[in-house]
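Trainee: Just dropping this structure here.
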Amino acid sequence: SDHMENICGYLMKYTNLVTGWQYRYFVLNNDAGLLEYFVNEQSRHLKPRGTLQLAGAVISPSDEDSHTFTVNAASGEQYKLRATDAKERQHWVSRLQICTQHHTEAIGKNNPPLKSRSFSLASQGSANSPGVQRRPSQNAVSFFNVGHHRLPTGKRVPIMQPDHLVDVREMMSQAEGQQRDLIRSIECLPASGHLTSLDQDLLMLKATSMATMNCLNDCFHILQLQHASQQKGSLPAGTTISWLEPKISLANHFKNGAAQNFPAEINKPASVREEQSIAEPCQLTREPEEINPDEELEDVCDDKEDDLGAVEEQRSVILHLLSQLKLGMDLTRVVLPTFILEKRSLLEMYADFMSHPDLFIAITRGGSAEERMIRFVEYYLTSFHEGRKGAIAKKPYNPIIGETFHCSWRMPKSSVATDAGTNSSAHSPSEQVTLPKDPEGQAEPDYYTVKFVAEQVSHHPPVSGFYAECVERNMCVNAHVWTKSKFLGMSIGVTMVGEGVLHLLEHGEEYTFSLPCAYARSILTVPWVELGGKVNINCAKTGYSASINFHTKPFYGGKLHRVTGEVKQNMTNTVVCRVQGEWNSVLEFTYSNGETKYVDLTKLSVTRKRVRPLEKQGPFESRRLWQHVTESLRDGDIDKATEHKRALEERQRNEERLRAETETPWCTKYFLKDGDGWVYHKPLWKTVSAAQTQQTDSN
640 SDHMENICGY
650 LMKYTNLVTG
660 WQYRYFVLNN
670 DAGLLEYFVN
680 EQSRHLKPRG
690 TLQLAGAVIS
700 PSDEDSHTFT
710 VNAASGEQYK
720 LRATDAKERQ
730 HWVSRLQICT
740 QHHTEAIGKN
750 NPPLKSRSFS
760 LASQGSANSP
770 GVQRRPSQNA
780 VSFFNVGHHR
790 LPTGKRVPIM
800 QPDHLVDVRE
810 MMSQAEGQQR
820 DLIRSIECLP
830 ASGHLTSLDQ
840 DLLMLKATSM
850 ATMNCLNDCF
860 HILQLQHASQ
870 QKGSLPAGTT
880 ISWLEPKISL
890 ANHFKNGAAQ
900 NFPAEINKPA
910 SVREEQSIAE
920 PCQLTREPEE
930 INPDEELEDV
940 CDDKEDDLGA
950 VEEQRSVILH
960 LLSQLKLGMD
970 LTRVVLPTFI
980 LEKRSLLEMY
990 ADFMSHPDLF
1000 IAITRGGSAE
1010 ERMIRFVEYY
1020 LTSFHEGRKG
1030 AIAKKPYNPI
1040 IGETFHCSWR
1050 MPKSSVATDA
1060 GTNSSAHSPS
1070 EQVTLPKDPE
1080 GQAEPDYYTV
1090 KFVAEQVSHH
1100 PPVSGFYAEC
1110 VERNMCVNAH
1120 VWTKSKFLGM
1130 SIGVTMVGEG
1140 VLHLLEHGEE
1150 YTFSLPCAYA
1160 RSILTVPWVE
1170 LGGKVNINCA
1180 KTGYSASINF
1190 HTKPFYGGKL
1200 HRVTGEVKQN
1210 MTNTVVCRVQ
1220 GEWNSVLEFT
1230 YSNGETKYVD
1240 LTKLSVTRKR
1250 VRPLEKQGPF
1260 ESRRLWQHVT
1270 ESLRDGDIDK
1280 ATEHKRALEE
1290 RQRNEERLRA
1300 ETETPWCTKY
1310 FLKDGDGWVY
1320 HKPLWKTVSA
1330 AQTQQTDSN
């Protein structure tokens, strides 16, 4: 090709967390299909510091910025590189892609299928050390003889008839058996030596064979559906043909070497046996428990997720997992490796979005409908920063069905913003409602209390309900969220399906809102989180609404974590406030009168939540339920954390199977089904309504 030119020049290369980025001199050798690099241009005549074989490689521009890109070799090695600008990056990426395509196609033409049908280890070894460069001949095919049936010359492939599906199934069963033999041969290799079970080529072969069998099973399922439609004349009503999830369990293949059989029951830690032996949740009391805020203590737990090293160390595990996923696959039922987990449950993460209770309480103290809507937008946009723990994109624990989380915040009344123009006599009658007093007749405290409760109300689909209230200010929020995660190639996208409603009972107002999507980017290097999508906030009574856009970073240029929005009066279509900035940095609010307000999220005070000690928590409260997983992660013992996590997940599967067999419906504890959503069983608006009725009757 005219575009097959050898290029060279300086690029920055990411080495490791200690060294960081370093300038290196790179040479693209089109003839050999190699990308080589040297310390500098003067050392070009010496042996390269590193070499990547480009045949079968993937060249990917990064979504971190407009300068970075990655070269992922078929061997599993990766270079993370950065050019001086977007134009130079495009030049390197296009030339590398052309060279990669040329040499990948050449291998296909020059290597016809082998005739042998046996699966046998060859005698030659593999360079397992990163310091030893791999030659083109040192690939997975050189370690194994994997054969295929060859059709006699001149004969055409017969058209598959429906009655041949039995033969296909038999052939697939044989292939599955051979694939298991292949996996067993790899896993029986020693963990060290000339040829090991951890060799990068063998890991790639192992993962690729599993992915191939998964795809064949999917295709066979589609053929069965087509056969059924031919037999009946049409597909049954409601039938859809779609790609299925992996037929081979992912969890058993996260570690290499011998199969992961846990020790016998007697050898398991007591904590694991306890996790597996907790009674069926529906056999426990499902009566709602009233949590006394005075039993809760200020949280001293401070698990910052700032360890980036584990991601680099476990890169082969991530590659192994990615090889089994298909673009667009729903990850709800996929068991992810333990080392990428945060040390908290998703239910607790929702609670951490309430870490600025002063801004939450201040909403209802706005002097006008316009100001209350603006205050709600300010609170909403400041909640996401503290909800994330650190810059790395780690995943909270998937809550077990029936799991709950309780906490509260105490906020001095003097620290909550007021409105000088508020006329107390203008308040609606509902403000004058007196809730039942403390029976002991204690003096009113000088702080506001915001109480929070969350519950996992469904497992498939995974739906969480959460509720928060401040009784003193007659306000509460109720929400339900269904997390739908999908594999997007080099990213994972999470859609937050659901709706929340903020009730300001003092003003008789309800604000409905939705949540943005979240994305874990660059999952092969250093994962990071960004938010994306459009959300709306509406108040039907006042006619005010807000439209907020979370902008994902464009391919070229642009800022990270950018957000824009506007608040308007729907009746007049007048914009009363505009907001712009970054949701994890500084936000700028511009009002209709020309005034501007800046909010620096990094300097906002965070109020620590109050949580009951573990010994006072119920067996299905998040921190007690996951305590052994959390402790193991803190100690850096990934194997032990995985064992505890698996015990919880296995118990949940057994309970779900038992309920299905006995046709026993799941009983929620705090939330009730209401149409398509879930509502707290004793919301504040019902309490206030009951108090109003009681007051009317007494008069």
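Be aware that the sequence shown starts at 640, since it is given in the working numbering, and climbs by one per residue.
Backbone N, C-alpha and C define an ideal beta-carbon position, used for all residues, glycine too.
Tell me which residues share the same chain as Met-799 and place their Cβ nearer than 6 Å to its Cβ, disregarding the 5 neighbours each side in the sequence.
Mentor: Walking along the sequence shown from the start, residue 799 turns up at place 160. Note on Met-799: pLDDT 47, under 50, position unreliable in the model; the coordinate value appears next. Excluding residues within five positions, none has a Cβ falling inside 6 Å.
Trainee: In chain order, which continuous runs of the beta strand (DSSP E) of length 3 or greater are located wholly inside the region 1090-1178?
Mentor: You should have 1102-1109, 1114-1126, 1131-1143, 1148-1152, 1156-1160, 1167-1178.
Trainee: Taking three-plus beta-carbon pairs below 8 Å as touching, is the region 1098-1111 in contact with the region 988-995?
Mentor: Yes, the region 1098-1111 touches the region 988-995.
Trainee: For my contact list, Ala-694 and Thr-743 are in at a C-beta cut-off of 8 Å; report their separation, rounded to the angstrom.
Mentor: The count along the sequence shown starts at 1 and reaches residue 694 at position 55. The count along the sequence shown starts at 1 and reaches residue 743 at position 104. The pair is a contact, with the Cβ atoms about 5 Å apart (cut-off 8 Å).
Trainee: Secondary structure at Ser-848, three-state DSSP: helix, strand or coil?
Mentor: Here the question's residue 848 lines up with position 209 in the sequence shown. Helix.
Trainee: What residue does the beta strand (DSSP E) around Ala-696 start on, and which one ends it?
Mentor: On the sequence shown, residue 696 is found 57 positions in, with the first residue counted as 1. Looking at the DSSP string, Ala-696 is not in any beta strand (DSSP E), and its letter there is neither H nor E.
Trainee: Quick one: grab the DSSP three-state call for Gln-608.
Mentor: For the chain, the structure presents residues 640 to 1338; residue 608 sits outside this window and is missing.
Trainee: So, with DSSP's three-state summary, where would you put Gln-685?
Mentor: As a first step, residue 685 must be located in the sequence shown, where it is residue number 46. Checking the displayed sequence, the identity of residue 685 turns out to be Leu instead of Gln. Note: Leu-685 maps to coil in three-state DSSP.
Trainee: Output the distance between the C-alpha atoms of Gly-1316 and Thr-1151, rounded to the nearest integer angstrom.
Mentor: The count along the sequence shown starts at 1 and reaches residue 1316 at position 677. The count along the sequence shown starts at 1 and reaches residue 1151 at position 512. When rounded, the distance between both Cα atoms is 13 Å.
Trainee: Can you tell me whether DSSP reads Glu-1260 as helix, strand or coil?
Mentor: Translated into the one-based positions of the sequence shown, residue 1260 becomes position 621. In this structure, Glu-1260 counts as strand in the three-state DSSP scheme.
Trainee: Are the C-beta atoms of Thr-1134 and some chain D residue less than 8 Å apart?
Mentor: Structure shown: chain D not included; a single protein chain is present.
Trainee: What do you reckon, are the CB atoms on Ala-696 and Ala-712 nearer than 8 Å?
Mentor: In the sequence shown, the residue the question calls residue 696 occupies position 57. In the sequence shown, the residue the question calls residue 712 occupies position 73. Contact flag set, yes.
Trainee: Helix, strand or coil, according to DSSP, for His-1283 in the structure here?
Mentor: Within the sequence shown, residue 1283 is the residue found at index 644, counting from 1. If DSSP states are grouped into helix, strand and coil, His-1283 belongs with the helices.
Trainee: Taking the beta carbon of Cys-1156 as the centre, do at least 16 other beta carbons fall within 10 Å, making it buried, or is it exposed?
Mentor: Here residue 1156 refers to the residue found at position 517 when the sequence shown is read from its first residue. With 16 or more other Cβ atoms within 10 Å, it is buried.
Trainee: So does the region 842-859 actually touch the region 815-826, counting three or more Cβ pairs closer than 8 Å?
Mentor: A contact exists between the region 842-859 and the region 815-826.
Trainee: For the region 1260-1276 against the region 1039-1046, do three or more pairs of beta-carbon atoms, one drawn from each stretch, fall closer than 8 Å, so that the two count as touching?
Mentor: The region 1260-1276 vs the region 1039-1046: in contact.
Trainee: Please return the same chain residues whose Cβ sits closer than 7 Å to the Cβ of Pro-1252, not counting the five positions on each side in sequence.
Mentor: Translated into positions along the sequence shown, residue 1252 becomes position 613. Leu-936, listed in sequence order.
Trainee: Ignoring anything shorter than 3 residues, give me the beta strand (DSSP E) runs that lie fully in the region 1189-1215, in order along the chain.
Mentor: Whole beta strand (DSSP E) segments, 3+ residues: 1201-1208.
Trainee: Quick check: the region 1137-1152 against the region 1082-1099, are there 3 or more CB pairs under 8 Å?
Mentor: Taking 8 Å as the limit for Cβ pairs, the verdict is that the region 1082-1099 does not touch the region 1137-1152.
Trainee: Can you tell which of Thr-1303, Trp-1305, His-1320, Lys-652 has its C-alpha closest to the C-alpha of Leu-1311?
Mentor: By 1-based counting over the sequence shown, the position of residue 1311 is 672. That would be His-1320, whose Cα lies nearest to the Cα of Leu-1311.
Trainee: Where Ser-1064 and Cys-1216 are concerned, what is the direct C-alpha to C-alpha distance, given to the nearest angstrom?
Mentor: Residue mapping note: residue 1064 aligns to position 425 of the sequence shown, counting from 1. Residue mapping note: residue 1216 aligns to position 577 of the sequence shown, counting from 1. No answer about Ser-1064 holds up, because its pLDDT of 33 lies below 50 and its placement is not dependable.
Trainee: If you draw a straight line from the C-alpha of Leu-1226 to the C-alpha of Leu-1240, how long is it?
Mentor: On the sequence shown, position 587 is the one that residue 1226 refers to. On the sequence shown, position 601 is the one that residue 1240 refers to. So the alpha carbons of these two residues sit roughly 8 Å apart.
Trainee: Mind the definition here: the region 1033-1042 touches the region 1087-1097 only if three or more C-beta pairs lie below 8 Å; say whether that holds.
Mentor: Judged by Cβ distances under 8 Å, the region 1033-1042 makes contact with the region 1087-1097, as three or more pairs qualify.
Trainee: What residue from Glu-1149, Gln-1208, Met-810, Lys-1090 has the CA that sits closest to Ile-1002's CA?
Mentor: For the purposes of this step, residue 1002 is taken as the residue at position 363 of the sequence shown. When only C-alpha atoms are compared, the closest one is Glu-1149.
Trainee: Hey, how far is the Cα of Gly-1314 from the Cα of His-1099?
Mentor: Locating residue 1314 in the sequence shown gives position 675, counting from the first residue. Locating residue 1099 in the sequence shown gives position 460, counting from the first residue. C-alpha separation (whole angstroms): 17 Å.
Trainee: What span of residues does the alpha helix (DSSP H) with Thr-1269 cover, start to end?
Mentor: To locate residue 1269, count along the sequence shown from 1; it is residue 630. 1266-1273 is the span of the alpha helix (DSSP H), which, as asked, contains Thr-1269.
Trainee: Taking contact to mean 3 or more Cβ pairs, one atom from each stretch, closer than 8 Å, check whether the region 1010-1021 and the region 1115-1132 are in contact.
Mentor: Because the criterion of three Cβ pairs below 8 Å is not met, the region 1010-1021 and the region 1115-1132 do not touch.
Trainee: Would you check if there are 3 or more beta carbon pairs closer than 8 Å linking the region 1171-1188 to the region 1202-1221?
Mentor: Verdict: yes, contact present.
Trainee: Beta-carbon separation of Asp-997 and Val-1055 under 8 Å?
Mentor: Translated into positions along the sequence shown, residue 997 becomes position 358. Translated into positions along the sequence shown, residue 1055 becomes position 416. In contact: Asp-997 and Val-1055 (Cβ atoms closer than 8 Å).
Trainee: Using only alpha-carbon positions, find the residue among Asn-1223, Glu-1221, Val-1214, Arg-728 that is nearest to Thr-1229.
Mentor: Position 590 of the sequence shown, counting from 1, holds the residue named residue 1229. Selected option, being the one with the closest Cα: Val-1214.
Trainee: Can you tell me the Cα-Cα spacing of Arg-1249 and Val-1218, whole angstroms?
Mentor: Here residue 1249 refers to the residue found at position 610 when the sequence shown is read from its first residue. Here residue 1218 refers to the residue found at position 579 when the sequence shown is read from its first residue. So the two alpha carbons sit approximately 32 Å from each other.
Trainee: Please return the same chain residues whose Cβ sits closer than 6 Å to the Cβ of Ile-930, not counting the five positions on each side in sequence.
Mentor: What you label residue 930 is simply residue 291 of the sequence shown in a count that begins at 1. The answer, listed in chain order, is His-1045.
Trainee: On the DSSP bridge list, what partners appear for Val-807?
Mentor: Numbered from its first residue, the sequence shown carries residue 807 at position 168. Answer by DSSP bridge pairing: none, since Val-807 is not bridged.
Trainee: Using 10 angstroms around the beta-carbon of Phe-708, count the other beta-carbons present and answer buried if the total reaches 16, otherwise exposed.
Mentor: Reading the sequence shown from its first residue, position 69 is the one you call residue 708. Burial call: buried.
Trainee: Could you work out which residue in Val-1268, Asn-856, Ile-825, Glu-826 is closest to Glu-809 when comparing CA atoms only?
Mentor: One-based indexing of the sequence shown puts residue 809 at position 170. Ranking the options by Cα distance to Glu-809, first place goes to Asn-856.
Trainee: Applying the criterion that 16 or more other CB atoms from any shown protein chain within 10 Å of the CB defines a buried residue, is Ser-705 buried or exposed?
Mentor: One-based indexing of the sequence shown puts residue 705 at position 66. Buried, because 16 or more other Cβ atoms sit within 10 Å of the Cβ of Ser-705.
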